[in-house]
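Below: the structure, in structure tokens.
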DNA sequence: CATTGTACCTTGTAATGCAAGGTACTTTGT
DNA sequence: ACAAAGTACCTTGCATTACAAGGTACAATG
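Residue numbers (our numbering), protein chains in the order written: chain S, 135 to 241; chain L, 135 to 241.
Here it is as structure tokens:
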């Protein structure tokens, strides 16, 4: 899939998933890669950016299946950010569909 | 609007508009900027890339309202490219909406 | 004891939106 | 005659970010 399309939306996807439940990085890679191609080289730097900006926090949990997992939890700021980005996304994809002449009446 | 979101879609927007009618660059800027913020610094390099790749051709038309206009016309390759990108776009935005839990039943 | 799966991370490259700056023509106002 | 505003073209340089590639480390399996 066109990698340029993903810019700006992966951040929203990660935040949106973390808004529903805590996840560790590797889990996010697997969850999102069901819908589109992504790799760890994309997710880990993104998680670092989100943490540096105060949108998520992390905590370690030991695992019996391998190395310890670093779980991420969304913050209040992160929730606000999620709502903001979601609004931008909806407005954006509707604009594109309008230009393309695509109408969404049902599935 | 989030500039990262636009990556990869502006190309499709321009191609899609040119698939319907010939346009000159400044006209495209005005047409697209009705739906989202873009500037000439984005469109002109994009048109050059599309032309270099053989997706569009151009021809000059004199104007009584200012300098001559450079009209762009889509090629057969460009039409194929448009269909390909449109398919990618539809698949993409539906994937995102699925991850976000957004359903499009009607407007 | 080598391989596979899980799980973390970093470096370097390529792509591209856009602010900023530049050229040139036509019309309008003073 | 001259300035300003609108039309129309173009380029340079910066910031952002997806991802391939490469690295570390632990547990289970053959």
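No residue lacks a Cβ here, since even glycine has one placed at the ideal position from N, Cα and C.
Whose Cβ in chain S lies nearer than 7 Å to the Cβ of residue i?
| i | result |
| --- | --- |
| residue 227 (chain L) | 227 |
| residue 169 (chain L) | 229, 232 and 233 |
With respect to the alpha helix (DSSP H) encompassing residue i, which residues constitute its N-terminal and C-terminal limits?
| i | result |
| --- | --- |
| residue 230 (chain S) | 210 to 234 |
| residue 182 (chain L) | 174 to 186 |
| residue 145 (chain S) | 143 to 154 |
| residue 162 (chain S) | 159 to 166 |
In chain L, which residues lie less than 9 Å from residue i when you measure between Cβ atoms?
| i | result |
| --- | --- |
| residue 142 (chain S) | 136, 137, 138, 139, 140 and 141 |
Residue i touches chain L at which residues, Cβ-Cβ below 8 Å?
| i | result |
| --- | --- |
| residue 151 (chain S) | 233 |
| residue 166 (chain S) | 233 |
| residue 147 (chain S) | 230, 233 and 234 |
If I follow the unbroken beta strand (DSSP E) through residue i, where does it start and stop?
| i | result |
| --- | --- |
| residue 194 (chain L) | 190 to 195 |
Under the assumption that residue i contacts residue j (Cβ atoms under 8 Å), give the Cβ distance between them as a whole number of angstroms.
| i | j | result |
| --- | --- | --- |
| residue 223 (chain L) | residue 146 (chain L) | 6 Å |
| residue 149 (chain S) | residue 219 (chain S) | 7 Å |
| residue 142 (chain L) | residue 136 (chain S) | 5 Å |
| residue 159 (chain L) | residue 177 (chain L) | 6 Å |
| residue 169 (chain S) | residue 229 (chain L) | 4 Å |
When the Cα atoms are used, what is the spatial distance from residue i to residue j?
| i | j | result |
| --- | --- | --- |
| residue 211 (chain S) | residue 195 (chain L) | 53 Å |
| residue 241 (chain S) | residue 216 (chain S) | Note on residue 241 (chain S): pLDDT 47, under 50, position unreliable in the model; no value is reported. |
| residue 162 (chain S) | residue 204 (chain L) | 47 Å |
| residue 190 (chain L) | residue 207 (chain L) | 5 Å |
| residue 179 (chain L) | residue 185 (chain L) | 10 Å |
| residue 140 (chain L) | residue 198 (chain S) | 43 Å |
| residue 164 (chain L) | residue 174 (chain L) | 9 Å |
| residue 156 (chain S) | residue 154 (chain L) | 47 Å |
| residue 192 (chain L) | residue 209 (chain S) | 51 Å |
| residue 238 (chain L) | residue 182 (chain L) | 36 Å |
| residue 167 (chain L) | residue 202 (chain L) | 22 Å |
| residue 231 (chain S) | residue 144 (chain L) | 12 Å |
| residue 233 (chain S) | residue 225 (chain S) | 13 Å |
| residue 221 (chain L) | residue 236 (chain L) | 20 Å |
| residue 227 (chain S) | residue 227 (chain L) | 7 Å |
List the residues of chain L whose Cβ lies closer than 7 Å to the Cβ of residue i, in chain order.
| i | result |
| --- | --- |
| residue 161 (chain S) | In chain order: nothing, as chain L lies at least about 14 Å away. |
Cβ-heavy atom distance between residue i and the ligand ADP below 7 Å?
| i | result |
| --- | --- |
| residue 179 (chain L) | Annotation note on the ligand ADP: not contained in the displayed structure, which lists no ligands. |
Check: Relative to chain L, which residues along the stretch 206 to 225 of chain S have a C-beta separation below 8 Å, given in chain order?
Finding: 219, 220, 222, 223, 224 and 225
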